[in-house]
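Asks:
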Amino acid sequence: MKILIMDNDESLRYMLTEFCKHAGWESDTAVNGREGVGMFLKGTYDVILVDYHMPEMDGLQTVREIRKHNTFVPILVLTVDERQEVADRFLEEGATDFALKPVKAPDLISRIKLHAQIANMKNKQEDDDDVFTAKGISKGTLSSISNYLQENRDAYPVDVISKEIGLAYPTVYRYLMHLLEEGKVKQVVSHQKIGRPKKLYKWYAH
Numbered sequence: 001m002k003i004l005i006m007d008n009d010e011s012l013r014y015m016l017t018e019f020c021k022h023a024g025w026e027s028d029t030a031v032n033g034r035e036g037v038g039m040f041l042k043g044t045y046d047v048i049l050v051d052y053h054m055p056e057m058d059g060l061q062t063v064r065e066i067r068k069h070n071t072f073v074p075i076l077v078l079t080v081d082e083r084q085e086v087a088d089r090f091l092e093e094g095a096t097d098f099a100l101k102p103v104k105a106p107d108l109i110s111r112i113k114l115h116a117q118i119a120n121m122k123n124k125q126e127d128d129d130d131v132f133t134a135k136g137i138s139k140g141t142l143s144s145i146s147n148y149l150q151e152n153r154d155a156y157p158v159d160v161i162s163k164e165i166g167l168a169y170p171t172v173y174r175y176l177m178h179l180l181e182e183g184k185v186k187q188v189v190s191h192q193k194i195g196r197p198k199k200l201y202k203w204y205a206h
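Structure (structure tokens):
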């Protein structure tokens with residue numbers, strides 16, 4: 001497997017390269033989005049890691065540019081920003097998932113493996129509408145979340161679903177909102193003894 005790493009922080013590039021070596025993967029690095037997109041167009045990569053804040057071309061522009069040329073390669077965004085609106089903008093441009101900084105090796109490695117598997121499945125059953133719908137929803141990711149909820153019929157909070165299937169919280173939240181709109185998932189409010197009521201989500205069997 002070959003990973004393309006785009007980050008302007010030299011120490012982070014080194015650390016991510018070491019993570020890849022540890023997992024037995026090859027990796028190439030770029031110091032910004034412009035250089036990274038150029039490398040992507042010349043090479044073949046299985047997963048791309050993109051930093052949000054980069055000079056010349058930030059993570060958002062980079063994701064947008066890559067998606068013009070390739071709609072299914074997994075793109076993981078590295079960010080310290082946990083705001084849902086930032087996550088939504090990235091997902092709309094076509095990002096696949098997030099890894100929050102400081103990045104932890106086990107989390108990142110399992111996330112890369114998961115998305116490479118989803119991408120392989122998608123390539124095998126590739127048809128035009130299986131790439132990205134107008135809403136920036138990837139069918140592979142959608143089916144991971146849907147399958148989990150169908151197999152586990154209780155109602156769960158976003159953080160539990162996120163941990164169980166190995167996808168970042170903002171990704172899971174956005175896909176749950178999509179499933180809620182489609183009427184496939186139901187929101188249940190659980191009243192805690194202490195603190196605010198918690199929102200749980202369960203598969204809505206018609």
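Numbering-wise (UniProt numbering), the sequence shown opens with residue 1 and increments by one. For each residue, glycine too, the CB sits at the ideal point set by N, CA and C.
So L60 is in the beta strand (DSSP E); what residue range does that whole segment cover?
Replies: Premise fails: L60 lies in the alpha helix (DSSP H), 59 to 69, not in any beta strand (DSSP E).
Asks: Spatial neighbours of A30 within its chain, please: C-beta separation below 6 Å, excluding the five flanking residues on both sides.
Replies: M6, G36, M39
Asks: Rounding to the nearest angstrom, what Cα-Cα distance links G62 and V172 in this structure?
Replies: Sequence inspection shows Thr at residue 62; the Gly mentioned does not correspond to that position. Their backbone Cα atoms lie some 22 Å apart in a straight line.
Asks: Assuming V189 and L176 form a contact by the criterion Cβ under 8 Å, report the distance between their Cβ atoms to the nearest whole angstrom.
Replies: That pair is no contact at about 14 Å.
Asks: If you draw a straight line from the C-alpha of L100 to the C-alpha of Q150, how long is it?
Replies: 28 Å
Asks: Report the rounded CA-to-CA distance for I75 versus Y169, giving the unit in angstroms.
Replies: 16 Å
Asks: Compute the distance between the beta-carbons of L60 and R83, then report whether it is under 8 Å.
Replies: no
Asks: Starting from Y156 and walking both ways along the beta strand (DSSP E), at which residues does that stretch end?
Replies: Counting along the chain, Y156 falls outside any beta strand (DSSP E), and DSSP gives it neither H nor E.
Asks: Nearest to V80 by CA position, among E93, H69, Y52, R64, is which residue?
Replies: Y52
Asks: The beta strand (DSSP E) that contains I48, what's its start and end?
Replies: 47 to 51
Asks: Measure the C-alpha to C-alpha separation of N120 and T44 and round it to an integer number of angstroms.
Replies: 14 Å
Asks: Is DSSP giving L167 helix, strand or coil here?
Replies: coil
Asks: What does DSSP give as the partner residue(s) for V185 in the beta ladder?
Replies: W203
Asks: Inspect the beta-carbon positions of M57 and N32 and report whether they are closer than 8 Å.
Replies: yes
Asks: Pull up the distance between the alpha-carbon of K202 and that of A116, whole angstroms please.
Replies: Approximately 27 Å between the Cα atoms of the pair.
Asks: If you compare alpha carbons, which of A23, V47, E10, E18 is closest to L4?
Replies: V47
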